[in-house]
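Undergrad:
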Amino acid sequence: MYSIIVVPPPTTEAERDRSRPQFRLAPGQRLAFGRSVPEGGLLIGHDGVSRRAGEITARGTFWTLSNLCAHQTYVVENPEGAGEHIKVAPGRLDAPVPFEFSRIVLPAAGDLLPVEVWAPRHDYLRDEAGADGEPTAPAFSVDRTKRYFAVLAALCEPRLRGAPHAPLPTMDQVVERLRPSWPAASRTSVQWNIDYLAVKLRLKPGPETAEPGPRLNGKKESLVSLALRFDLVREDDLAVLAAPSARPPR
11 MYSIIVVPPP
21 TTEAERDRSR
31 PQFRLAPGQR
41 LAFGRSVPEG
51 GLLIGHDGVS
61 RRAGEITARG
71 TFWTLSNLCA
81 HQTYVVENPE
91 GAGEHIKVAP
101 GRLDAPVPFE
111 FSRIVLPAAG
121 DLLPVEVWAP
131 RHDYLRDEAG
141 ADGEPTAPAF
151 SVDRTKRYFA
161 VLAALCEPRL
171 RGAPHAPLPT
181 MDQVVERLRP
191 SWPAASRTSV
201 QWNIDYLAVK
211 LRLKPGPETA
221 EPGPRLNGKK
231 ESLVSLALRF
241 DLVREDDLAV
251 LAAPSARPPR
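The opening position of the sequence shown corresponds to residue 11 in the working numbering, with each subsequent residue numbered one higher.
#1: Spatial neighbours of residue 119 within its chain, please: CB distance less than 7 Å, with the 5 preceding and 5 following residues excluded, ordered by chain position.
#2: Run through DSSP, which three-state label would residue 241 get?
#3: Among all the DSSP beta bridges, which residues are the ones paired with residue 95?
#4: Counting Cβ pairs closer than 8 Å, one from the stretch 127-135 and one from the stretch 63-73, do we hit at least three?
#5: Could you check where the beta strand (DSSP E) with residue 261 kicks off and where it finishes?
#6: Would you identify the three-state DSSP class for residue 154, choosing helix, strand or coil?
#7: Are there 16 or more other CB atoms within 10 angstroms of the CB of residue 155, so buried, or fewer, so exposed?
#8: Considering only the alpha carbon of each residue, which of 61, 228, 192 and 194 lies closest to residue 204?
#9: Can you grab the Cα-Cα spacing for the pair residue 93 / residue 174, in whole Å?
#10: Would you mind working out which of 100, 109 and 82 sits nearest residue 117, comparing C-alpha positions?
#11: Please classify residue 231: does DSSP put it in a helix, a strand, or coil?
#12: How big is the Cα-Cα spacing for residue 88 and residue 102?
#13: DSSP has residue 43 in a bridge; who is on the other side?
#14: Smallest Cα separation from residue 43: which of 51, 242 and 202?
#15: So, at 6 Å on beta carbons, what are the nonlocal neighbours of residue 112 in its own chain, with the 5 sequence-adjacent residues on each side left out?
#16: Inspect the beta-carbon positions of residue 13 and residue 99 and report whether they are closer than 8 Å.
#17: Does residue 123 come out as helix, strand or coil in the three-state DSSP assignment?
#18: Answer yes if the stretch 156-164 comes into contact with the stretch 189-209, meaning at least three C-beta pairs across the two stretches below 8 Å, and no otherwise.
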């Protein structure tokens, strides 16, 4: 059974507009890629790509990447992870890639060539009903029905929409974005919720502590980084920003 699907980069404008061939790998199979590869490999006809650029190996529910280039680091992005990525150094062999959807970015003489890799056979542990003992306390307790969560979602939205390095919205932009679901939103109320989130998510001490912590610089950046790193806000959570009548049922 195939477990890994590899989609090569488009090499011409025509290929960008039509479906490209796919390579399907069963567990244990390998796919070499580069400018000069054996028959059955992924040929990338670009002068900036090494002759033996790398190798992809299917491992069942995940895959590994070998970087056979002597001087260039490869980046593997998670297109759904709002900037999540790993780097594979030159000469690194069989680096495991955990993403279900991945994009290998190959720097090639001024171009960035994307090779897409899909690993759809991800397995997840099912919840066991009736487990003994007290439930484990959540690492981050957030209530998606509260206004502070809507503020957090508005801050995360640009990077969740597919622009992992997008600048964060200004305070006025957050207020405007929240107006459909929160007509009374203001700069003061949004700032209060940002301050509350910084305490709630333990980015700074609460006001009851005897020793006040240092001033948190880049508070919005720290909140967004934490929320996206631990999936506190996902793309489907952006529904909280819609007007009540337009929200899809949960």
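A virtual CB, placed ideally from N, CA and C, is assigned to each residue, including glycine.
TA: Reading off the structure:
#1: Cβ-Cβ distances below 7 Å link residue 119 to 57 and 58 in the same chain, with the five nearest sequence neighbours on each side left out; the list follows chain order.
#2: Coil.
#3: Under DSSP, the beta-bridge partners assigned to residue 95 are 87.
#4: The stretch 127-135 vs the stretch 63-73: in contact.
#5: No answer is possible for residue 261: it lies beyond the span of the chain, which begins at 11 and ends at 260.
#6: Residue 154: coil per DSSP, three-state reduction.
#7: Burial state of residue 155 is exposed, judged by a 10 Å Cβ sphere holding fewer than 16 other Cβ atoms.
#8: Scanning 61, 228, 192 and 194 for the CA closest to the CA of residue 204 turns up 228.
#9: The straight-line gap from Cα to Cα measures roughly 4 Å.
#10: Nearest of 100, 109 and 82 to residue 117, Cα basis: 82.
#11: Per DSSP, reduced to three states, the secondary structure at residue 231 is helical.
#12: Residue 88 and residue 102 have their alpha carbons spaced roughly 19 Å apart.
#13: For residue 43, which the question treats as bridged, DSSP gives the partners 52 and 64.
#14: Minimum Cα-Cα distance from residue 43 among the listed residues 51, 242 and 202 corresponds to 51.
#15: For residue 112, where only same-chain residues beyond five positions count, the Cβ hits under 6 Å are 86 and 127.
#16: Not a contact, by the Cβ cut-off of 8 Å.
#17: Three-state DSSP puts residue 123 in a strand.
#18: Yes, they touch.
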